[in-house]
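Protein sequences appear in the order of chains A and B. For the first sequence, counting from 1, position 110 maps to 722 in my numbering; every step adds exactly one. For the second sequence, counting from 1, position 91 maps to 703 in my numbering; every step adds exactly one. The C-beta atom is built at its ideal place from N, Cα and C for all residues, glycine as well. What you are looking at is a predicted structure, and each value in this text was computed from that prediction instead of being measured. Read the structure below first, then the notes.
Protein chains: 2
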Amino acid sequence: MKNPTAEVDLVWKALADSTRRSILDLLAERPLATGEVVARFEKALCRTAVMKHLEILVQAKLVIVRREGKMRWNYLNPVPIQQVCDRWVSQHVRQVASAVSRLKELTEDRVSQSTTERPSSASKSRRTKAISSDRLNTPGEKR
Amino acid sequence: MKNPTAEVDLVWKALADSTRRSILDLLAERPLATGEVVARFEKALCRTAVMKHLEILVQAKLVIVRREGKMRWNYLNPVPIQQVCDRWVSQHVRQVASAVSRLKELTEDRVSQSTTERPSSASKSRRTKAISSDRLNTPGEKR
DNA sequence: TTTTCATGTCACTAGATGGTGACATGTGGG
DNA sequence: CCCACATGTCACCATCTAGTGACATGAAAA
Numbered sequence: 613m614k615n616p617t618a619e620v621d622l623v624w625k626a627l628a629d630s631t632r633r634s635i636l637d638l639l640a641e642r643p644l645a646t647g648e649v650v651a652r653f654e655k656a657l658c659r660t661a662v663m664k665h666l667e668i669l670v671q672a673k674l675v676i677v678r679r680e681g682k683m684r685w686n687y688l689n690p691v692p693i694q695q696v697c698d699r700w701v702s703q704h705v706r707q708v709a710s711a712v713s714r715l716k717e718l719t720e721d722r723v724s725q726s727t728t729e730r731p732s733s734a735s736k737s738r739r740t741k742a743i744s745s746d747r748l749n750t751p752g753e754k755r
Numbered sequence: 613m614k615n616p617t618a619e620v621d622l623v624w625k626a627l628a629d630s631t632r633r634s635i636l637d638l639l640a641e642r643p644l645a646t647g648e649v650v651a652r653f654e655k656a657l658c659r660t661a662v663m664k665h666l667e668i669l670v671q672a673k674l675v676i677v678r679r680e681g682k683m684r685w686n687y688l689n690p691v692p693i694q695q696v697c698d699r700w701v702s703q704h705v706r707q708v709a710s711a712v713s714r715l716k717e718l719t720e721d722r723v724s725q726s727t728t729e730r731p732s733s734a735s736k737s738r739r740t741k742a743i744s745s746d747r748l749n750t751p752g753e754k755r
């Protein structure tokens, strides 16, 4: 377990591609030999492309590989997905209610366009808060 | 709501980048004007880079934008994340138990290396199943 | 042993992506 | 009105990514 942030990044990046998501769907049903996975995508992709995708999934620890003779078996590892989703959702759960109510506020504001004064004053108080916050240091990562 | 698959893809792709995830973290706390988001990443990125990221989040409907005068306010929309994660996790939930037990089997097999005969016969039965399956038509998407 | 089967590896490529600077436009305050 | 502020847009670029064909290697069957 090297760097949790880097590992999480690998998972998100792996899941960004629809082919890889499809591969995981297949493996969720049952483990497959690499050739079987390849056969499933035969019409869409060449063998090496599929293998590359599998390699990315392995690097992200979403897939576990086991050799048996000349067969390479791929097993789904559902734990990272679950962890990443859980962590992501739970981190936002405490903010969900307020976020949803804000959206509601916005949609209501959108319906009654005449009440432009109200959100304008609200936006000013928000701005003041934002500036005085000590979270002005960027959480961004330099690439 | 054009094409659900394409929309889901936008979400996954949006979440693949760590900067964009950081932006969503910020917006989960409180809505921010674009300039405020930019300021948070000042040390890491130029303004237009941040705006590009925001645009991707908007396209994925993870962020909702509202103009007020010269201010552009960004609101987190937690719904797509939740939906995507829920759908993804629940789709695999029925497979999680079997997948976990398979992994367990593998790790146990790994510990007792002498029992190579057992998994070898098991792999053959799996192979037979895979071939007779009518899921041989690829679920992959041609790019 | 040879041949077939399953997979590995590598080089290459077209397109996508994340980043930048420069110029442009619109809003709001003095 | 002018100027400052906030954001928009565009062209460019280095790097990454998803895909391919070709050659290589190892296991298993004939």
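For the beta strand (DSSP E) containing residue i, name the first residue and the last one.
i                         : result
leucine 636 of chain A    : Segment 630-641 is the alpha helix (DSSP H) holding leucine 636 of chain A; no beta strand (DSSP E) there.
asparagine 689 of chain A : Segment: none, asparagine 689 of chain A is in no beta strand (DSSP E) and carries neither H nor E.
Along the chain, where does the alpha helix (DSSP H) containing residue i start, and where does it finish?
i                         : result
glutamate 619 of chain B  : 616-627
methionine 669 of chain A : For clarity, residue 669 of chain A is leucine in the given sequence; the question names methionine instead. Segment 659-671, the alpha helix (DSSP H) holding leucine 669 of chain A.
glutamate 680 of chain A  : First-last for glutamate 680 of chain A: 675-680, but that is the beta strand (DSSP E), not the alpha helix (DSSP H).
alanine 651 of chain B    : 646-652
Is the CB of residue i under 9 angstroms away from at least one CB in chain B?
i                       : result
arginine 659 of chain A : no
Quick one: does residue i have its CB under 9 angstroms from some CB of chain A?
i                        : result
valine 670 of chain B    : no
lysine 625 of chain B    : yes
threonine 646 of chain B : no
serine 630 of chain B    : yes
Drop a sphere of 10 angstroms on the beta-carbon of residue i, count the other beta-carbons inside from all chains shown, and report buried for 16 or more, exposed for fewer.
i                        : result
proline 616 of chain B   : exposed
lysine 682 of chain A    : exposed
arginine 652 of chain B  : buried
alanine 618 of chain A   : exposed
valine 677 of chain B    : exposed
threonine 599 of chain A : With chain A running from 613 to 755 in the structure shown, residue 599 of chain A is simply not present.
arginine 633 of chain A  : buried
serine 732 of chain A    : Per-residue confidence for serine 732 of chain A stands at a pLDDT of 36, beneath the threshold of 50, marking its modelled position as unreliable; the derived number appears in the next sentence. Serine 732 of chain A should be labelled exposed.
lysine 625 of chain B    : buried
cysteine 658 of chain B  : exposed
glutamate 648 of chain B : buried
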